[in-house]
Each structure stands twice: as structure tokens, then as C-alpha cells.
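Sequence lines, in order, name chains A and B.
If you want our numbering, it's the 1-based position in the first sequence plus 1060.
If you want our numbering, it's the 1-based position in the second sequence plus 1060.
The C-beta atom is built at its ideal place from N, Cα and C for all residues, glycine as well.
Note that the structure is a prediction, hence the values are computed from the model and not measured.
See below for the structure under consideration.
2 protein chains.
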Amino acid sequence: MSQATPKSEATRARIFAAALRVFRERGFHESTMREIATQAGVALGAAYYYFDSKDALVMAFYEEAQAQMAPALHRILAEGRSLEQRLRGLIGQKFEHFAPNRALMSALSAHIDPNHPLSPFSARTASIRDADIAFFARAVADSGVRLPASIQPYLPRLLWLYQMGLMLFWVYDSSPKQVRTHQLFDKTLHMLLFGLKIASVPLLRPLYRPAGELLKIVYGESAP
Amino acid sequence: MSQATPKSEATRARIFAAALRVFRERGFHESTMREIATQAGVALGAAYYYFDSKDALVMAFYEEAQAQMAPALHRILAEGRSLEQRLRGLIGQKFEHFAPNRALMSALSAHIDPNHPLSPFSARTASIRDADIAFFARAVADSGVRLPASIQPYLPRLLWLYQMGLMLFWVYDSSPKQVRTHQLFDKTLHMLLFGLKIASVPLLRPLYRPAGELLKIVYGESAP
DNA sequence: GTCTATATCGGGATAGAC
DNA sequence: GTCTATCCCGATATAGAC
């Protein structure tokens, strides 16, 4: 997007930092590009020179977050042994990382529309999403989880979706310190692991076929 | 808000109709109040006289939809005997009713934020939501479904949530005639009914307690 | 009470001067 | 690369016609 001229890189960083500051204080919607520019000590036009739109600042935020979290996520996968430890670690790390910007996140989660560039399901965010799903794939990989062949390949994507649901709940969780989310996380994680454990039980056979077909439908061509 | 003077009622209706027309053509975000007013043959001020904001037009759309659908939903409940028939009927009716405005709906489903007035989870839409959930309560009422006491009371709200999830998928389903949604509906409905049937099986006991606690947490005070 | 006309403001985005 | 000026739009407000 822009070459790393030290000078320009510094200006860009200053604008980005100012944006995060303003977003945190005011919330996304109430923040204005004018104020961001002022806070960064540049003119409005300069802000638009570096970031095509207010949304572009958010994309930068996403990308930075992913880059910053990656080492911690790798460490968690390496250290954790059980699927439970790993999932708890991965998802917990996200909560921790995004906590300071929870207010900002809430403005963003508004974008469920897969056609909106900022949506976690959009084409624009595909690379971020795929990299993220890959972490879940690694978490499952040598965990000994066995599912019907029609379902197994979708597990990483389903776990990612589960995480997104938790994040969505978290973002709008007004309980002190978001305890409700953490309780929800705890309970659902146990239910999930129990579900995986009993998935091969004969009683549940009638669920396999429709579940497999369903996943094929949902992940048919486009990919929420 | 405004008394039913025939004259004023007609103007209001004209503006409302124009808004829906413009929304359908342009999409919600791209529609302007100026164009809606022009299309309705009134001045901008008149549009704002009847509708406080662009969002108010959407609220009116929601309310009108509910009022228009109510008779059909009652009929479906009266005619249908099994839970399956009823759920299929209720949810199918929604799809049918909203089909002409699917593009508009997609712009609206962007509002997941419970704090946003237009969100299906907001305080502002509570009465619509409650009335809607009541239909699901009636669908369950004499259907013979038996769940653990810690879960049973939440069933109508969960079914409503299930419906909202389907609608969300539908709204962004780009497959021809939204076949994918209808396949998804079919499969998940069967899985759901099977799940309800086997819910009391001893094997699944370990799921009751966390599930009950979880629902208590989620529906604790605020009510998504 | 119903509506027009118009002015104003804040804010996202762009064009062109420098 | 950066700034100034400008446009467009949602929203609000107001004065006044009928």
C-alpha cells in the first residue's frame, strides 16, 4: 500500500495510534476522521492519504492484532497438550488481547454482512480468517478427536465459528468484567468436549448424515 | 404519534411506500431521505414530520410486517398438529413474507448490537420480539415435548433464536431462490426434533446441568 | 395540524493546489 | 506528501403557507 519510507511510516503510525486512541475514548461511530487527524497533528486530507476510509483504519487494526497475537498463539499450541487446554488457551488469549479495545470491537461486530469488507466473513478478511482457522486446525490435529468422516474436515471451521460466537457475546456482555461470557465459555467448552467424546455413539447416528449434508450445504461455495 | 386523519394517514402511507420502494431499489444504506421524499412527492421536511429518522422507517416496516403476518401465524398454529408442522409453518411463513424485501433485510441484519434500536435484541424491539416468541411458546405448548425443568422454560426463546439464525443465513444466501437456506432449514429442523426426542436419554445427562446453568447465565438479566 | 422551502451543521470523502 | 477547499448526505431547525 505504501513503501516504508521512514518518514511516511512514522506519519502513518501516528495517524493509526491517534485513531485507536480516539476509537477507545469515543467509540467507533462517534469518532470523526477530523478529530483523528487533529489528534495526529495532520490535516484531514493527510489521514485519507494513508487510510482510504475510516473502515481502512479498522482493517489495519485487525491485521495488527493478528500479527501481534500470532507468537502467543503458537506458544499456546506448543505448550497445551489436550484439546481443552488448547481451546481454552487460544480463545482466552483473544479475549485478553482485545479487552482494552472491547468498546471498539462492539462497533465492529455490527458487521455480520459477508459482503461488508469489515465482516469476519467477507472476502476482504479471508486471509486473516484462514490464518485464524489454521490455529484451530492445529489444535485439533493431534488431539485424538475422531468424528465421522463427513464432519471431521469441518471441525476447525466450526471451532472458529464457536469462537466468533463467544466474541460476539463478549462484546455486548455488560456484566462486570464480562463474567457472564467467561461462565458461558466454561460451560459451552465442557459441553462441546463432551459432545465430541460421545459423537460416535450409535444412538447419535441419525445425526451424522444430516449434519454432514448440512455442513456441505453451508460450506458449499461461499464460506461463512 | 399521529392521529388517523385520513389525509395525514394517506401522506404517511405514501412516504412509507416510497421508502420501501427506494430501499428495495437502492438498498438501505444507499437510499437518501431526500430521494424518499422526492419519490413520495413531498418535501424533505414532510418525510421527517412523519418519520423521525431513516431508522424510524425501518421500525415501521417491522411493525407492519408483524401485524400483517399475525393472522397467518395464528392459522398455522391452529391447523398444524405436530411441532414439526408448526415450526415449519411459522418459519416458512416468515421467509415467504419477507422474500420481496430480502435485499432490505440484509441491510438491517447488520444490526446485531443489542444497544442499537433496530437490533432484534434491543429494548426498542422488545414488544415485537416478545410477541414473536409467544408464537413459538404456543407451538411448543401442547406438543408433548418434555425437557429437563432447567431447560424447558427457555425452549420458546431458543426456537426464536434458531429462527433468527436461519433468517440471518437466508438474508445473505446468494444461492438461486435461496435453496441452500431451505435445505439448511430442513436438515436442522430434523436434527432439532431428533435432539428434543432423545434429550431425556441417560447418556446425555451430563449435558443437562451445564445447559441449564448456561441458559440461566445467558438469559440472566438482559435478554438476547 | 399539515406541509414547503430553506438554512445550517457535522461528518465522510475527494480534487486539486502547493 | 500534505493541506485547503469543496461536495454530498443525514439530520435539525425555523419561518411561514394553508
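Alpha-carbon to alpha-carbon, residue j and residue i
i       : j       : result
A/L1137 : B/L1207 : 38 Å
A/G1152 : B/T1248 : 30 Å
B/R1094 : A/L1253 : 54 Å
B/D1233 : B/M1224 : 14 Å
B/V1278 : B/A1097 : 42 Å
A/A1120 : A/T1092 : 17 Å
A/H1134 : A/Q1128 : 11 Å
B/P1236 : A/R1141 : 45 Å
B/T1299 : B/A1186 : Because chain B here runs from 1061 to 1284, residue 1299 of chain B falls outside it and cannot be looked at.
A/A1070 : A/P1131 : 24 Å
A/Y1222 : A/S1068 : 40 Å
A/V1102 : A/Q1212 : 52 Å
A/E1139 : B/F1088 : 48 Å
B/E1124 : A/I1193 : 41 Å
B/P1174 : B/G1280 : 15 Å
B/R1146 : B/D1246 : 13 Å
B/R1086 : A/A1077 : 36 Å
B/D1112 : A/S1113 : 28 Å
Cβ-Cβ distance between residue i and residue j below 7 Å
i       : j       : result
B/V1200 : B/P1216 : yes
B/F1158 : B/M1165 : yes
B/S1210 : B/G1272 : yes
A/A1107 : A/R1074 : no
B/L1178 : B/D1115 : yes
A/P1270 : B/H1242 : no
B/L1150 : B/F1195 : yes
B/A1170 : A/A1163 : no
B/I1188 : B/Q1126 : yes
B/R1072 : B/Y1122 : no
Sequence-distant residues of the same chain with beta carbon closer than 8 Å to residue i, five excluded per side
i       : result
B/M1061 : Because B/M1061 carries a pLDDT of 41, less than 50, the predicted location of this residue cannot be relied on, and the following value inherits that uncertainty. Excluding residues within five positions, none has a Cβ falling inside 8 Å.
A/H1176 : S1182
A/N1161 : L1080, F1083, R1084, F1121
A/E1144 : L1249, L1253
B/L1244 : L1226, F1229
B/S1282 : Annotation note: pLDDT 48 at B/S1282 (below 50); position unreliable, coordinate value reported separately. Within the same chain, B/S1282 has close Cβ partners P1174.
Same chain only: Cβ atoms within 7 Å of residue i, ignoring 5 sequence neighbours per side
i       : result
B/G1105 : none
B/A1197 : P1216
A/A1079 : I1096, L1117
A/F1083 : S1091, L1164
B/A1191 : Q1126
B/R1148 : L1249
A/L1267 : none
Neighbourhood of residue i by C-beta, 6 Å cutoff - its chain only, sequence neighbours within 5 removed
i       : result
B/L1275 : Y1214
B/L1219 : F1196
A/V1239 : none
query = If you pair each beta-carbon of the segment 1178 to 1186 of chain B with each one of the segment 1253 to 1265 of chain B, do three or more pairs fall below 8 Å?
reply = Not touching, per the Cβ criterion.
query = Does the segment 1259 to 1271 of chain B touch the segment 1225 to 1238 of chain A, meaning 3 or more C-beta pairs lie closer than 8 Å?
reply = By the Cβ test, the segment 1225 to 1238 of chain A is not in contact with the segment 1259 to 1271 of chain B, since fewer than three Cβ pairs between them sit closer than 8 Å.
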